[in-house]
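Take a look at the structure set out below.
Protein chains in written order, with our numbering: chain D, 1 to 135; chain S, 1001 to 1135; chain F, 2001 to 2135; chain G, 3001 to 3135; chain A, 4001 to 4135; chain W, 5001 to 5135.
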């Protein structure tokens, strides 16, 4: 009886997209408005999906309060109200595209979650643009 | 041409989470507020996904009116405005966690749906907590 | 410069609608499924609207963190995961219709909020049924 | 590192469901209100999912502005504010059910999208009825 | 204790915007794509707001089941899956803009609703374009 | 026949809340995480409400395409993908709280909109926190 449990969370952050090895012109051509040197920002919505077997004693796959606290401690407290490029270790060198943020969040949660569970992370940068890892 | 068709439905119900083989203290520790002996409740949102081949004469995978009526008769009429623990056969002995409710709904619909179709059920207990079977 | 600030919150609760001075038949005729003696439940969504003048030093009408905490302490902690009929003082004698719950929440918050502010409360019983006080 | 990127779009159109090889009675029996000879209509919401590898130089799977423009040129400009049965080549002979519209959109976008990407299209005919291809 | 109660409903319809006293060129200039002679369509979402006093015996402003049935009989059954220009008396001569549809719905419901209630109708033509009468 | 027409729009921006006349400690105490010197950001959702009389020839209160373009030119192009504190004239001296942003947007649109119309602006900073001017 493999089942999936989902939990939603969110954080607000500033970011700028650019590649420091490129000229300003190339960065503008590729990243457009997202390359604003003074940053812009988003309300990021996060959907964490955990897959596994239900515990017959509790009827739970995973305690959602535990999962909620895990996301709060390791993701929301780390990224909420931050400038991703300046205030976080993860994006000092890595371009904070939605794809890279989603993958970084997956790696952080993967390291915290018991190995018996599969994990999928979906990240909404806006209600119209979002990414999911792994596909 | 395998395609999926989705239909949404909903029902409102009361429930209480607990394991009758456990002490009150253990039930409180595991289920917290959800173990309120006087029950609490939810607006459950249901998403039913049916997978199969499109009929070339109708252009339908399945008649959505038929699927809507199937869900109404077998799920909404059974669970809407009920106390899951007290008013339903299914949860007299089974803890009505979102995982178990989702699995019970899947089993009920699976028995009604033609075997040529695959079936996936997603159940939202709140907009932030939801489950899907099979994963 | 009169402006309005809104904050959303939510709680999950069980309830039953009935008038103890009426016969069972009359209660069934008026309240239908909502009169289930074993209760049913909802995810209640709450929208609190505060109207007043902006403080020129802060640019705030009211600190939203203060408003969020006020709602949590006085509304969410009181009603979340409760049976409104059995577990709360407010609805021991008062029928917990959406109208009455909305009015009770307004009275509780009105007593806590500085008198310079106007207050409007909207309560969603489901995404399709909701009420607002005062109109 | 296989990841999925999603982009939402929408268009408004009129349509009528029927099979020209059938009698009026059979069309009414199968398609009901959707067989209104004078048409009815929908706000179609489209979710386009592209799966592939992230480019390490940009941190992008695909430039979302490019994907947005692709959907605008090939889907929105073709179907928006149209009568699907009368104004489009695609549905002159093909019944414009949600299943067929979804499949047609998938074929159009598949022909435009680089072959290294996988493609999934979800089409919402209403918030409660939607389809996805491939399943 | 004046309170407002809201009920949501929806219908799907085709329409065309034009003024029969104008030239084709003027109709195109003013109504653009909405003047497609073969019609286009929408999922119309309706929000009906009723204002009045709560009945102390029931705790209801108005029985929401009664209001739901009123909207179904007088609005949904009349306009759902219809071509507003061709299939309805109301829009044979009147241009079916969102403004006019909203006003027509208000007039129909106003005639059915007890005079002790105030009535406001909001009509969503799309999630981004909507109207409300009276303002 | 006074009616209201609504149009939604959105922009993404970075900002920081602080009062330059205050000490760092006071700014932290009042604005908390929102005072991050490196900025954070939001997806701002905007709802513009225009009130007036319907033109009997068009059935329009105001051409929604005109209103959409007005919002794009004067609000979205000015604030989208910007750092409100650094990149805009309006918030060089004015603290970019939701209240102040809402009021600034109202003033900009008020100057553009014909005087026969009333104007109300609602600004969502997050789905749970929003403001409206005038109240």
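Glycine included, every Cβ here is placed at the ideal spot set by N, Cα and C. Here the structure is a predicted model, which means the values were calculated and not measured.
Fully contained in the region 5007-5055 of chain W are the following alpha helix (DSSP H) runs of length 4 or more, in chain order: 5024-5031. Contact with chain A is absent for residue 3074/G, since none of that chain's Cβ atoms lies less than 8 Å from the residue's Cβ.
Closest option to residue 73/D, judged by alpha-carbon separation, among 34/D, 118/D, 105/D and 51/D: 105/D. The C-alpha of residue 2006/F lies about 56 Å from the C-alpha of residue 3021/G. With contacts defined by Cβ atoms closer than 8 Å, residue 30/D and residue 121/D do not form a contacting pair.
Burial check for residue 82/D: the Cβ neighbour count within 10 Å reaches 16 or more, so the residue is buried. In this structure residue 3011/G touches residue 3075/G by the C-beta definition: roughly 7 Å separates them, less than 8 Å. From the beta-carbon of residue 4060/A, the residues of chain F found nearer than 7 Å are 2097 and 2099.
Rounded to whole angstroms, the separation of the alpha carbons of residue 5069/W and residue 3087/G is 27 Å. Residue environment for residue 2024/F: exposed (fewer than 16 other C-beta atoms within 10 angstroms of its C-beta).
Runs of the beta strand (DSSP E) lying entirely within the region 5047-5132 of chain W and spanning at least 3 residues, in chain order: 5118-5126. Cβ contact annotation for residue 1112/S (same chain, cutoff 7 Å, sequence separation greater than five): 1070 and 1074, in chain order. Less than 8 Å separates the beta-carbon of residue 5018/W from that of residue 5095/W. With 16 or more other Cβ atoms inside 10 Å of its own Cβ, residue 3099/G counts as buried. Residues of chain D whose Cβ lies closer than 8 Å to the Cβ of residue 1052/S do not exist; the shortest such Cβ separation is about 21 Å. Taking a Cβ-Cβ threshold of 7 Å, the residues of chain D close to residue 1032/S are 65, in chain order.
DSSP links residue 4/D through a beta bridge to 51/D and 1132/S. Residue environment: residue 3016/G is assigned as buried (16 or more neighbouring CB atoms within 10 Å of its CB, all protein chains considered).
For the options 2102/F, 2119/F and 2014/F, the alpha carbon positioned closest to that of residue 2061/F is the one of 2119/F.
A distance below 8 Å between beta-carbons, with the five flanking residues on each side excluded, links residue 3109/G to the following residues of its chain, in chain order: 3048, 3070, 3071, 3074, 3075, 3119 and 3121. Cβ atoms of residue 4008/A and residue 2128/F come within 8 Å of each other, at about 4 Å. Closest by C-alpha distance to residue 1053/S, out of 1133/S, 1114/S, 1085/S and 1126/S, is 1114/S. The residue from 3033/G, 3097/G, 3125/G and 3134/G with its alpha-carbon nearest to that of residue 4080/A is 3033/G. By the CB criterion at 8 Å, residue 5014/W and residue 5084/W fall inside the cutoff. Contact check for residue 5132/W against residue 5042/W fails: the beta carbons are separated by 8 Å or more. Residue 3089/G and residue 4036/A have their alpha carbons spaced roughly 16 Å apart. For residue 5004/W, the closest C-alpha among the options 5077/W, 5097/W, 5055/W and 5027/W is that of 5055/W.
Take residue 2/D, set aside five residues on each side of it, and the residues of its chain with a beta-carbon closer than 8 Å to its own are 51, 52 and 53, in chain order. Between residue 3116/G and chain D, the shortest Cβ-Cβ separation is not below 8 Å.
Taking a Cβ-Cβ cut-off of 7 Å, residue 2018/F has no neighbours in chain S, whose nearest Cβ is about 13 Å from it.
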